[in-house]
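Plus 962 on top of the position in the sequence shown (first one is 1) and you've got the numbering used here.
For every residue, glycine included, the Cβ atom is placed at its ideal position computed from N, Cα and C.
Source: prediction; values computed, not measured.
Below is one structure, written out as structure tokens; the observations come after it.
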Amino acid sequence: MNSSAISPTDLNFALEQDNYDPQAHFRGRFHFPETESGESFIYFSGNSLGLQPDTAEQYITEELDAWKKLGVEGHLNAKRPWLPYHELLTQYTAEIAGAFEKEVVVMNSLTVNLHLLMTSFYRPKGKRKKILIENNAFPSDRYAVQSQLKIHGNH
963 MNSSAISPTD LNFALEQDNY DPQAHFRGRF HFPETESGES FIYFSGNSLG LQPDTAEQYI
1023 TEELDAWKKL GVEGHLNAKR PWLPYHELLT QYTAEIAGAF EKEVVVMNSL TVNLHLLMTS
1083 FYRPKGKRKK ILIENNAFPS DRYAVQSQLK IHGNH
């Protein structure tokens, strides 16, 4: 089938393009939720709680076992030590972000990072007091912005 002869809005065009996706094999590494009747559905919640990797349960069990056996010593002596965990992710995160390794660190959650960012940089002066945030922001992110405004006396 020649995809150039098919309309881009045609399902067959999308299916044809799937044949050229170099990352298509990753789909098989995740669990997809199903409806009550067992049908799969399209999942668009990747910015919140994405699909569960098929290895997640194994890794979580390994970490729980390490915690049980090592206690606090797991910070430095576990198979994947907990204290420097961010160092294990630096190379991959830099590749995804198109950045140098020294420019990235994996830490916290978006809301915690928003608090840290605004605590460090938000300095309202005169008429420059506003913080712009998207309409559909997570409630916790909206709360982070509201709390910064309140701290600085801008309700």
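What would DSSP say about residue i, mapped onto helix, strand or coil?
i, result
"residue 1090", "strand"
"residue 998", "coil"
"residue 943", "Given a span of 963 to 1117 for the chain in the structure shown, any question on residue 943 remains unanswerable."
"residue 967", "helix"
"residue 1108", "helix"
"residue 1003", "coil"
"residue 1114", "coil"
"residue 1101", "helix"
"residue 1029", "helix"
"residue 986", "helix"
"residue 1045", "coil"
"residue 1036", "helix"
"residue 1019", "helix"
"residue 981", "coil"
"residue 1024", "helix"
If you draw a straight line from the alpha carbon of residue i to that of residue j, how long is it in whole angstroms?
i, j, result
"residue 1103", "residue 1014", "23 Å"
"residue 1074", "residue 972", "43 Å"
"residue 1064", "residue 996", "41 Å"
"residue 1020", "residue 1093", "42 Å"
"residue 977", "residue 990", "16 Å"
"residue 1116", "residue 1070", "27 Å"
"residue 981", "residue 1032", "47 Å"
"residue 1045", "residue 968", "53 Å"
"residue 1100", "residue 1109", "14 Å"
"residue 1041", "residue 1011", "26 Å"
"residue 1035", "residue 1047", "14 Å"
"residue 1091", "residue 1085", "8 Å"
"residue 1078", "residue 1059", "20 Å"
"residue 1068", "residue 979", "33 Å"
What residues match up with residue i in a beta bridge as DSSP calls it?
i, result
"residue 1014", "993"
Comparing alpha-carbon positions, which option in the options lies nearest residue i?
i, options, result
"residue 1113", "1018, 1089, 1096, 1080", "1080"
"residue 1097", "1018, 1107, 1059", "1107"
"residue 1095", "1076, 1087, 1085, 1086", "1076"
"residue 1006", "1016, 994, 988", "994"
"residue 988", "1017, 1078, 1061, 1025", "1017"
"residue 1039", "1025, 1051, 1052", "1025"
Could you check if residue i belongs to the surroundings of the ligand FMN, using beta carbon to heavy atom distance under 6 Å?
i, result
"residue 1068", "Summarising the ligand content, the structure contains no ligands, and the ligand FMN is consequently not present."
Original post:
Which whole runs of the alpha helix (DSSP H) in the region 1062-1090 are 4 residues long or more, in chain order?
Top reply: Within the region 1062-1090, complete alpha helix (DSSP H) segments of at least 4 residues are found at 1072-1083, given in chain order.
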